[in-house]
Amino acid sequence: MIRTISLVALLAVGATAASAQNLDVIKQRKEVFKTFGGAAKTGSGFVKGEAKFDLAAAKAAFTTYADGAAKLKTLFPDDSKVGGETKTLPIAWEKKGDFMNLLAKFEGESKAAVVAVTDEASFKDQWGKVMGNCGACHKVYREPQK
Amino acid sequence: MRAWDLPTRVFHWTLVLLVLSAYLSFRFSERLGDPTLFWHRLNGYAILILVVWRLGWGFWGSSTSRFSGFIKWPHRAAGYGLRLAQGRAPHYLGHNPLGAYMILALLAVLSAQGMLGLLAEEHNQTTWGPLYFLIPEERRAAVTGWHGRLFYYGLLVLVGLHILVNVLYTFIRKDPLIPAMITGRKPAANGAEGYADADEATLRPRPLMAALLWLAASAAIVLGLIKAFGGKLIY
């Protein structure tokens, strides 16, 4: 009797622990994407001419993308497909290879951009190239915007 | 017999290509090496220019292109629709009364779609339309969402219906609408039946010159208005 209760309790705790881990990973990757939003706001401000170009801030934006992309590669384990209001579509796990390649490309191009950016003109060149990675991934692997 | 003048036909098929191109240049932008939607934006400008052109041609084009010639009151269009369902609708040289409303709907949706594009901002802030700043920041995602939804639930639906009806008319009703929009000609009105609107289209004077001059003016109007509102055409 006690063994049965203990077993059931252990399973319940285990299940809870497992789902808590899923939600935590989903929360972490949502936070990474939020930092991307901030970097996008900074960078687009320069390209739009809404803010005076600042080389340090420009490099920081690309660094945010590079670091975030590297972290994201570890934040899509197989047990994080649902819950936590994740917007990642199941196809990201079905085509995990391609999905990871896109993240790696994003990381690589962002790292290169940090070095390549020297002034406003070179920033505009790099901006489109790096930001293209967002759409390339979202169009296939993210829930469409409502 | 002459049904459609050359400028109207060139307008029609150029618009088909531009709408297709506008979609492809967005959907495959990254693969085409154009993440900031340079070509999509130019497509949008071209579509807006052509819509303005067609609106003007509706007043000073050849007879079958003029709005006064083919737009009937809704009850007349409904009457035509009823007779069509009963298999006893007359034939028209130009747009039939129901087709007229499809034309107006397509022009309206194309205008709206183009204008929403001018105001849109890509959700990652990778790129934006020339007049994005006219929309308050907190409303931009909503406006851009309409640009997407109007394409899928508005334009695509109308285009699909337009193609379907033209195919049905051409192959089932034996009314050669599609060849007519290519060659500009329709068979002569047969005997007592005749065409309900006119036996033959009358060209306006110097149609090609007028079309080209009005095209230049349409471009000046569209691009000029964007610049007048403070937009940068290319950035």
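Going down the list, the sequences are from chains G and Y. Using the working numbering, the first residue of the first sequence is number 8, and each one after it goes up by one. Using the working numbering, the first residue of the second sequence is number 164, and each one after it goes up by one. Built from N, CA and C at the ideal position, the CB exists for glycine as well.
Original post:
Is the region 75–84 of chain G touching the region 101–110 of chain G in the sense that three or more CB pairs, one from each, lie closer than 8 Å?
Top reply: yes
Discussion item. Whole angstroms are fine: how far does the CA of Gly224 of chain Y sit from the CA of Ala364 of chain Y?
Written reply: 11 Å
If contacts are defined as beta-carbon pairs under 8 Å, then Ala240 of chain Y and Ala271 of chain Y qualify, I think. What distance do you get, rounded to the angstrom?
Incorrect: roughly 16 Å between the Cβ atoms, too far for contact.
So, is the C-beta of Pro299 of chain Y closer than 8 Å to a C-beta in chain G?
-> no
Practice item. Output the distance between the C-alpha atoms of Lys112 of chain G and Ala119 of chain G, rounded to the nearest integer angstrom. Key: 10 Å
message = Would Lys88 of chain G and Pro97 of chain G be called neighbours here (beta carbons separated by less than 8 Å)?
response = yes
Next on the checklist: Between the alpha carbons of Ala305 of chain Y and Leu376 of chain Y, how many angstroms are there, rounded?
Outcome noted: So the alpha carbons of these two residues sit roughly 38 Å apart.
Taking the Cβ atom as the reference point for each residue, do Glu329 of chain Y and Ala47 of chain G lie within a distance shorter than 8 Å? Note that residue 329 of chain Y is Asn in the sequence shown here, rather than Glu. No, they are not a contact pair.
According to the Cβ coordinates, are Val214 of chain Y and Ser274 of chain Y closer than 8 Å? It is a contact, given that the beta carbons lie within the stated cut-off.
- Since Ile234 of chain Y is in the alpha helix (DSSP H), which residue starts that stretch and which ends it? That residue, Ile234 of chain Y, is in no alpha helix (DSSP H); it is neither H nor E in DSSP.
Exercise. Of all the residues that make up the region 179–205 of chain Y, which are near chain G by a beta-carbon distance shorter than 7 Å?
Worked result: Contact residues of the region 179–205 of chain Y toward chain G are Ser192, Glu193, Pro198 and Thr199 (C-beta to C-beta distance below 7 Å).
| Can you pull the DSSP bridge partners for Thr95 of chain G? | G:Arg149
Determine the chain Y residues that contact Gly142 of chain G at a beta-carbon separation under 8 Å, and present them in chain order.
-> Ser192, Glu193, Pro198, Glu285, Asn287 and Thr289
task = Name, please, each residue of chain Y whose Cβ falls closer than 8 Å to the Cβ of Lys48 of chain G.
result = Gln288
Beta-carbon proximity list for Gly52 of chain G, same chain, < 8 Å, skipping 5 on both sides: The beta carbon of Gly52 of chain G lies closer than 8 Å to those of Ala58 in the same chain, with the five residues before and after it left out.
**Prompt:** Among residues of its own chain, excluding the 5 on either side of Arg232 of chain Y, which ones have a beta-carbon nearer than 6 Å to its beta-carbon?
**Reply:** Just to set this straight, residue 232 of chain Y is Gly in the shown sequence, not Arg. Contacts found: Ser226.
- prompt: Among the residues of its own chain, which have a CB less than 7 Å from the CB of Leu386 of chain Y, if the five just before and after it don't count?
  reply: Tyr208 and Leu396
query: From this set, Y:Asn259, Y:Arg367, Y:Thr199 and Y:Leu211, which residue's C-alpha is nearest Pro237 of chain Y's C-alpha?
result: Y:Asn259
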